[in-house]
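Worksheet: the structure to be examined is printed underneath.
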Amino acid sequence: MAPKIFFYLFAAAGITTATAAAVPDAAPAPVPFTIPSDVEILDLRTEEDKKSGKAHKRTPGGVYVCKAIEFDAKQGCKLIVTSWGNPTSLIGTEYNNVISSAGADVGTNCQFFDAFSNGQCTGQGYLDINNPGLGDFRTVPWAGDKAVSWNDITTCIKCWY
């Protein structure tokens, strides 16, 4: 059996040192999940970047996306590799409007948008995703004043290292 490389992302940004018993209303500590070493890669880099080798598929800079909340791989997860800073449309892929949890590699920041138009990520706002990630897009309101879930609406992603 080949050794597995484990990458840990957490559903929340911080870990508290207090226990739930000591702080009755505290959220439970995030549970780490494992990105399998044999994760499928969805390479959405530009043809130019693919030829030049920029952002090679397992250098830092990928974003792990899942169709289910809490990174449940049974319903489908992939590591998406994009061209840096370029709008990456998910239209025509199996991940258009179905992402429910995501986490970026360490040092990577991604913005998730709800629309793609004229070669640009657009929409009513964007959701910042970095490391450790977000395990439940249903709990995140829009950027701005609209309280709408981000679950199953991502159509475009932009990432930077």
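According to mature numbering (1 follows the signal peptide of the UniProt record, and there is no 0), the stretch in the sequence shown is residues -21 to -1, 1 to 140, in order. The beta-carbon is built from N, C-alpha and C at its ideal position, and this holds for glycine as well.
(message) Could you tell me which whole beta strand (DSSP E) segments of length 3 or greater appear in the region 48 to 95?
(response) Listed in chain order, the complete beta strand (DSSP E) runs (minimum 3 residues) inside the region 48 to 95 are 56 to 60 and 80 to 83.
(request) State the Cα-Cα distance for the pair D131 and R117, rounded to the nearest angstrom. (result) Counting from one through the sequence shown, the residue named residue 131 turns up at place 152. Counting from one through the sequence shown, the residue named residue 117 turns up at place 138. Going from the Cα of D131 to the Cα of R117 covers about 9 angstroms.
(message) I'd like the span of the beta strand (DSSP E) that includes K29, first residue to last.
(response) To locate residue 29, count along the sequence shown from 1; it is residue 50. K29 -> not in any beta strand (DSSP E); alpha helix (DSSP H) instead, spanning E26 to S31.
(message) According to DSSP, simplified to helix, strand and coil, what is residue 196?
(response) No answer is possible for residue 196: the residues shown for the chain start at -21 and end at 140.
(message) In the DSSP output, which residue or residues are listed as bridge partners for Y105?
(response) Within the sequence shown, residue 105 is the residue found at index 126, counting from 1. As computed with DSSP, Y105 is found in a beta bridge with F92.
(message) With three or more beta-carbon pairs closer than 8 angstroms as the criterion, would you say the region 85 to 93 touches the region 11 to 30?
(response) Not touching, per the Cβ criterion.
(request) Measure from the alpha carbon of S79 to the alpha carbon of each residue in E19, Y43, L21 and I20, then state which is nearest. (result) Here residue 79 refers to the residue found at position 100 of the sequence shown. Of the listed residues, the one whose Cα sits closest to S79 is Y43.
(request) Could you tell me whether the Cβ atoms of T134 and N97 are closer together than 7 angstroms? (result) Taking the first residue of the sequence shown as position 1, residue 134 is located at position 155. Taking the first residue of the sequence shown as position 1, residue 97 is located at position 118. Cβ distance not < 7 angstroms, so T134 and N97 don't count as in contact.
(request) Verify whether the separation of the beta carbon atoms of Y140 and G64 is less than 7 angstroms. (result) In the sequence shown, residue 140 corresponds to position 161, counting from 1. In the sequence shown, residue 64 corresponds to position 85, counting from 1. Taking 7 angstroms as the cut-off, the beta carbon of Y140 is found no closer than this to the beta carbon of G64.
(message) Among P15, I48, G55 and I70, whose alpha-carbon lies nearest the alpha-carbon of S128?
(response) Translated into the one-based positions of the sequence shown, residue 128 becomes position 149. Considering only alpha carbons, the answer is I48.
(message) Taking the straight line between their C-alpha atoms, what separation do you get for F50 and A94?
(response) On the sequence shown, residue 50 is found 71 positions in, with the first residue counted as 1. On the sequence shown, residue 94 is found 115 positions in, with the first residue counted as 1. Going by the C-alpha atoms only, they are around 23 angstroms apart.
(request) Quick one: give me the first and last residue of the beta strand (DSSP E) that residue 142 is part of. (result) Any property of residue 142 remains undetermined from this structure, which presents the chain solely from -21 to 140.
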